[in-house]
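If you read the sequence shown in this note's numbering, its first letter stands for residue 6, the second for the next number, and so on.
Don't be surprised by glycine CBs; every beta carbon is placed ideally from N, CA and C.
Working notes for the structure below.
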Amino acid sequence: SDPQNSLAQEQADSEEIFRQFLSPPTRPGWLGRLAHYEIETILGQGAFGIVAKAFDEKLHRVVAIKLMSPELATTSPPRKRFLREARTAAAVTHENIVAIYAVEEEPIPYLVMEYISGQTLQQRLDENGPLDVNDILRIGQQVAAGLAAAHSANLIHRDIKPSNILLDDGPNERVKISDFGLARTIDDASMTQSGTIAGTPMYMSPEQARGATLDHRSDLFSLGSVIYQMTSGRPPFRANNTIAVLKRLCDDDPRPITDIIPGTPAWLCGIIAQLMKKDREERFQSAQEVAQLLATCQQELQRDGNVFSLADTLVTTSPIKKESRPGSTIHKGVITGILMTLLAVLFVLVFSPRLARWFDTPIPTLPAVEQVTGLQFDGKDDWIQISEVDWAYPQFTLEAFVTSAPQSDNGTIAFLGNGDSENRELMSLFDGPPAAPGKRISGASIKGKYPYENAYGPFKGNERQHRALVFDGRYLNYYINGIWQGQRRAEPHEGLQWNMKKLHIGCDGSGKQFFEGTIHQLRVSRVARYSDDFKVSSSLTGDDQTLALYQFDEGQGDVLTDSSGNGHDGKINGAKWLQVNATSNSPLVKSDGWHGWPTDAPAPAIAPFDAEQARKHQEAWAKYLGVPVEYENSIGMK
């Protein structure tokens, strides 16, 4: 189905539901009136209700109204939960919590809230990827402050996640926690339906995943997960289904952030690691403590350009108070986090093997190959124009073997697009700009009707890598050397039949972002080839799912051949043929230099080479000489 039509229909359905409870509007083009509230437009709809933007005629202010779903309003438990959300949120007044102005039960339960004219943190991450350290500290500190206020009122939020964190578009971008629909008093925190886990799996705490009794420290784990995503651009735990996510949440450590974003400060990694301890006794013990710590880090970073006194800041905070061991002092895990900023890596490796894994690199280096061919792109105006394609499929895989230049910046490796400048659909693999000082990224991107969805991974130059964009019709996934890097839920694009007409290699659709480095192989497929980590094959080959395949082994000329047999050959513009020794990375053959025989002949075969390489050389020479690939000479030899 067309997602544009689906969203339009959903909007129309929401308006129709709302109109059942409205009197005629007094403002042209508005939906109607609910009591003394004039309803302007629908902001969103979830399983539990519909949120609309409205104007309070009595107090003359813009508000948000959350109307309970009519289907649920007739059922007692959901109705009670909806009213509990209003009462629990209204019980806390704080600048970092969305204010509740009123709650009404007739003609249907609804609550009147503070209207935030901005975006959610999830939307910010989807648009921009990882945030810089200052923004991470600022947003994290305000969320922690809001949680501290809720916890002081004996409330646990239980569903802290990026989509429940609102960013005001005012000059100070105030952060607001929303959606207290799962909030409970601490005394009531174990009151869940048998066998039911409330919350969002990717961000909940291990004790929440197990259905155990909760306290305020569960929210701190969720806060750690949110800060992890702000720093790395991806949630800490990901799997193909909810059960697998919960298992990873309970059993595994998240992937080290420095593997995803090299150069992330060790002190920030230490704070996140401490928040995300599996054992809540080992976490920070209060949101207020976390808020103060993040504020101190933010002040020092702005003043000195770095955080030097993290140890002093942590040591001078009040001792951790554990329910089972009153009066105990700060846990050794915090000390380990402090030492990460003060001591040599060797000390950390010796004394804290658990945190040492934050320095391991799970992305494997590809095995060296004796001979690597490819085209060199200068990052200025080199690119390959492919003859027009006509690919309409819901799924795609765009993958390539590449060696990026160390300085490759904002360069597009490969681009697929529909060729429509007004209603653009596109997919691309790219080397990204610095996300923050010391943070280089690479990634995959898609765009349909709605803003870009980007999945990110680390950038590493001067190393041959396999990179893959995989879109399965629902999720965009990005892999480096077979290791999953990031994912974006592309909800507006679900079910979209992508109509691709253009394939560019080495630059984007606008002709502005050129790749700098070497491309060795590239394949486009009409299926999602990978759904989890995988072992990278030594070479890309064609099959019945292949739309185009480029081996980059011609060695000369201005035509890049599509070896899939589908006829999508490309015109080379400026890029230079290159053959290098993978071990030394030194050039062996360049098409624009003398290599010992006519320059229009195939490149020489340099031993050692395998049977497949020998076959390709044989075919190339047969084509050059105009003879069959296999023939019999005058003495009967083949």
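What is the DSSP secondary structure of residue i, counted as helix, strand or coil?
i      : result
His525 : strand
Gln376 : coil
Glu21  : helix
Tyr480 : strand
Phe87  : helix
Ser223 : helix
Ser157 : helix
Met207 : coil
Val1   : The structure shown does not extend to residue 1, since the chain is modelled only from 6 to 643, so the question has no answer here.
Leu27  : coil
Met235 : helix
Ala104 : coil
Thr402 : strand
Trp503 : strand
Lys581 : strand
Val353 : Residue placement at Val353 cannot be trusted, given a pLDDT of 31 that sits under 50; what the coordinates show is reported in the next sentence. Helix.
Ala485 : Ala is not the amino acid found at residue 485; the sequence shown has Ile there. In the structure shown, Ile485 sits in a strand (DSSP, three-state: E or B).
Ala271 : helix
Glu624 : helix
Gly332 : Low local confidence applies: a pLDDT of 33 at Gly332 is under 50, so the model's placement there is unreliable, and no value is given.
Val532 : coil
Lys326 : Confidence in Lys326 is poor, its pLDDT being 34 and thus under 50, which makes the residue's placement unreliable; the coordinate value appears in the next sentence. In this structure, Lys326 counts as coil in the three-state DSSP scheme.
Ser230 : helix
Gln290 : coil
Gly37  : strand
Gln561 : coil
Thr551 : strand
Gly310 : coil
Gly422 : strand
Thinking just about the alpha-carbon of each residue, which of the options is nearest to the one in residue i?
i      : options                           : result
Ala95  : Val56, Gln400 and Val117          : Val117
Ile161 : Asn139, Leu225 and Val541         : Leu225
Ile577 : Asp131, His509, Glu132 and Glu617 : His509
Gln518 : Asp264, Ser433, Val250 and Gln550 : Ser433
Leu306 : Pro167, Val394, Ala59 and Asn139  : Asn139
Leu298 : Gly275, Glu559 and Ile105         : Gly275
Ile55  : Arg92, Pro176, Gly134 and Asp184  : Asp184
Leu171 : Ala158, Val103 and Ile141         : Val103
Gly437 : Phe60, Asn133, Glu287 and Arg89   : Asn133
Val97  : Arg528, Thr546, Pro33 and Lys181  : Lys181
Thr218 : Gln290, Ile277 and Arg285         : Arg285
Phe464 : Gly424, Arg429, Gly522 and Phe420 : Gly522
Asp257 : Glu45, Ser237, Pro372 and Ala278  : Ala278
Ala154 : His221, Leu88 and Ile488          : His221
Gly511 : Pro33, Gln381 and Arg66           : Gln381
Gly547 : Asp563, Asp537 and Gln526         : Gln526
Tyr122 : Leu421, Asn159, Ala57 and Leu64   : Looking at the sequence shown, residue 122 is not Tyr but Ser. Nearest of Leu421, Asn159, Ala57 and Leu64 to Ser122, Cα basis: Ala57.
Ile165 : Glu178, Gly175, Arg179 and Gly145 : Gly145
Arg288 : Ala244, Ser227, Val475 and Arg308 : Ser227
Lys507 : Glu45, Asp395, Gln556 and Gly462  : Asp395
Glu109 : Asn101, Gln127, Pro267 and Arg84  : Arg84
Can you tell me the Cβ-Cβ gap for residue i and residue j, rounded? I've got them flagged as a contact below 8 Å.
i      : j      : result
Ala40  : Tyr120 : Contact doesn't hold; Cβ gap of about 17 Å is too wide.
Val312 : Pro369 : The Cβ separation is near 32 Å, so there is no contact.
Val407 : Asn486 : Not confirmed; about 11 Å, so no contact.
Leu481 : Ile451 : 5 Å
Ile418 : Phe520 : 5 Å
Gln550 : Ser530 : 5 Å
Glu430 : Gly453 : 5 Å
Arg528 : Leu554 : 5 Å
Hey, is residue i's beta-carbon within less than 8 Å of any beta-carbon in chain C?
i      : result
Val117 : This model lacks chain C altogether; it includes just one protein chain.
DSSP beta-bridge partners for residue i?
i      : result
Gly54  : Met73
Gln124 : Leu172
Gly462 : Ser447
Gln390 : His509 and Lys576
Gly416 : Asp436
Ile47  : Ala57
Lys181 : Leu171
Trp396 : Met505
Leu452 : Per the sequence shown, the amino acid found at residue 452 is Lys instead of Leu. Lys452 pairs with Leu431.
Thr492 : Reading off the sequence, residue 492 comes out as Gln, not Thr. For Gln492, which the question treats as bridged, DSSP gives the partners Asn482.
Met118 : Ala69 and Ile105
His471 : Phe406
Gln381 : Thr523 and Lys581
Run the proximity test for residue i: is its beta-carbon closer than 7 Å to any non-hydrogen atom belonging to the ligand GTP?
i      : result
Pro167 : For the ligand GTP, the structure offers nothing, since it holds no ligand at all.
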